[in-house]
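Numbering (this note's numbering), first residue to last: 105 to 412. No residue lacks a Cβ here, since even glycine has one placed at the ideal position from N, Cα and C. Owing to the predicted nature of the structure, the values given are computational and were not obtained by experimental measurement.
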Amino acid sequence: MNTPKKIVITGATGFLGKRLVAALAAKGYALVIFSRSPDNARKTLGAQHEYHAWKGGSSPELDAAVNGAYAVIHLAGASVAGGRWTKEYKATILNSRTRGTHAVSMAIVHAEHPPEVFFCASAVGYYGDAGDEYCRETTPPAKDFLAMVCTEWEAATKPAETKTRVVRGRIGVVLDKHEGALAKMLLPFKLFFGGHLGSGRQWFSWVHADDVVGMIVWSLEQPAVRGAMNIVAPEAVRMADFAKTLGRVLHRPSMFPVPAFVLKLILGEQAWIAISGQHVLPEVAQKQGYTFHFPKLERALQEIVVSR
Numbered sequence: 105m106n107t108p109k110k111i112v113i114t115g116a117t118g119f120l121g122k123r124l125v126a127a128l129a130a131k132g133y134a135l136v137i138f139s140r141s142p143d144n145a146r147k148t149l150g151a152q153h154e155y156h157a158w159k160g161g162s163s164p165e166l167d168a169a170v171n172g173a174y175a176v177i178h179l180a181g182a183s184v185a186g187g188r189w190t191k192e193y194k195a196t197i198l199n200s201r202t203r204g205t206h207a208v209s210m211a212i213v214h215a216e217h218p219p220e221v222f223f224c225a226s227a228v229g230y231y232g233d234a235g236d237e238y239c240r241e242t243t244p245p246a247k248d249f250l251a252m253v254c255t256e257w258e259a260a261t262k263p264a265e266t267k268t269r270v271v272r273g274r275i276g277v278v279l280d281k282h283e284g285a286l287a288k289m290l291l292p293f294k295l296f297f298g299g300h301l302g303s304g305r306q307w308f309s310w311v312h313a314d315d316v317v318g319m320i321v322w323s324l325e326q327p328a329v330r331g332a333m334n335i336v337a338p339e340a341v342r343m344a345d346f347a348k349t350l351g352r353v354l355h356r357p358s359m360f361p362v363p364a365f366v367l368k369l370i371l372g373e374q375a376w377i378a379i380s381g382q383h384v385l386p387e388v389a390q391k392q393g394y395t396f397h398f399p400k401l402e403r404a405l406q407e408i409v410v411s412r
C-alpha cells in the first residue's frame, strides 16, 4: 500500500481553506495543517489531519513538516475587508502576508527534501484599477496599496524558487453565499433594494469557489504550471452587469446603485476594493488545459444562491 503524499497547508480554516481541505482529503492526500488555533481547526476540519500551532513565523515544526512534503499551500493572511484601513490595519494586512510567506519560503530553502511545488495565494489586486486593459499574468503591477501588498507578498516566495516549483495564484472575487462580496449584496437584493456598487462600469473578475479549489489542486498536479496564475472565470463582467445578472437570478430588480462617495463615507479607503476593477484573463490555466466548472456567471450564481 502506497503512503499518502503529504501536503502542508496554512490558512485552512478560511472559507476557501475549508473547501480545499475537503477536496485534498477526498483525493487521498495526508494533510498537515498549521493554524493559530490548532484545537479550533481540528474541531472545524476533523481529527483525521495533523495539526500544529503557528503564529506566522519560522518554527522547527514548520521546517520538519515542509521537509519531505509533496506540496505546500500557503493561504494565511489578514482579511483586506477585516476592518477599516487605518495605518495599523494596513500594516497588519501587509505583514501577515510577507512574514508568513517568507517563513514558508525559508523552510523550503532549508529542507533537505524540498516539496515538489509551493502554491502561494495572491490576488488580482496586483493589477490595481486597470480600466479596460486586459490583465494577463505578464501584466506589470500597479502602484496602489493593494497592488503593493500583492507585489511584496509574491516577492516573498522568490527564495523558494531555488528549490521548488512556485505557483502564485492571483485570486479574483470569489463568489460564495456566506462570505465575501456576493454575501454582502444578497440581502439588499432580497429586500428589493439591490444595485451595483460605484459607477457600475468597473470590471468585476469573479470566480466560483469550486473553481478556486479546482485550480489550486490542478496546479499542484501540473508540472508545466509555474509562476503567476490568474484564478478567475474566463469571462469578467462589468459591475452593473453583475448586479443585473444577480437580480435576474433572484427575480429581483437591480435599481438602487450605491454611489462611490457613499461607499467612501462608510468604508473609507477600503472602498477602493468595491469601486476599482480589472479585466483579468486566466491565460495560464486556459493554455494548460484547465476545465472550468462554472465559466458563465449566470450558471454560477444559480448554483450558489438558488440550487443550494
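Residue i burial status per 10 Å Cβ neighbour count (16 or more: buried)
i	result
S209	buried
R305	exposed
V353	buried
G186	exposed
N334	buried
R274	buried
I197	buried
L369	exposed
G229	buried
Q152	exposed
F346	buried
F297	exposed
A375	buried
K288	exposed
K194	buried
A130	exposed
T107	exposed
V184	buried
G121	buried
Bridge partner(s) assigned by DSSP for residue i
i	result
V353	Paired residues: none, contrary to the question.
T114	F138, H178
K154	Checking the sequence shown, residue 154 turns out to be Glu, not Lys. Answer by DSSP bridge pairing, in chain order: V136.
H397	H397 is not bridged to any residue.
L120	DSSP lists no partner for L120.
L301	V362
V384	C239
Nearest neighbour of residue i, chosen from the options [CA to CA]
i	options	result
L401	L371, G372, G351	G351
E438	K281, I137, F119, I335	This structure cannot speak to residue 438, because the chain is shown only from 105 to 412.
A332	L301, V270, L124	V270
P327	S162, A389, G229, F119	A389
H206	H217, K194, F222, Y193	F222
V366	S303, V410, K247	S303
W158	F138, R203, E256, G150	F138
E71	P386, A251, G187	Shown here, the chain extends from 105 to 412; a query on residue 71 therefore has no answer.
A337	W307, P399, D314, G299	P399
G204	H156, G273, W257, A130	W257
K391	G372, R330, G161	R330
Y155	S162, L135, G161	L135
H217	A195, H397, K267, F396	K267
T349	L166, G299, D248	G299
E220	A344, I377, P363, E265	E265
T324	T107, F119, Y133	One detail in the question is off: residue 324 reads as Leu in this sequence, not Thr. Per the Cα distances, Y133.
R272	A227, H397, A313, Y394	A227
F396	A313, V341, V362	A313
A182	D167, E165, G160, P164	G160
R342	A364, F308, V362, G372	F308
G276	G118, E339, T202, V410	E339
R201	G284, C254, P164, E165	C254
Ranges of the alpha helix (DSSP H) found wholly within the segment 203-289, counting only runs of at least 4: 249-259
Three-pair Cβ contact test at 8 angstroms for the segment 381-393 versus the segment 233-248: In this structure the segment 381-393 touches the segment 233-248; the number of beta carbon pairs closer than 8 angstroms is three or more.
Segment contact flag, the segment 356-375 with the segment 281-298, C-beta cutoff 8 angstroms, min 3 pairs: yes
Sequence ranges, beta strand (DSSP E) only - wholly within the segment 306-360, length at least 3: 310-312, 331-335
Given 8 angstroms, three or more beta-carbon pairs between the segment 211-218 and the segment 301-318: no
Touching by the beta-carbon criterion (3+ pairs, under 8 angstroms), the segment 178-192 and the segment 109-123: yes
contact_flag[the segment 160-172, the segment 142-151] where n(CB pairs < 8 angstroms) is 3 or more: no
At least 3 beta-carbon pairs within less than 8 angstroms: the segment 123-134 vs the segment 185-201: no
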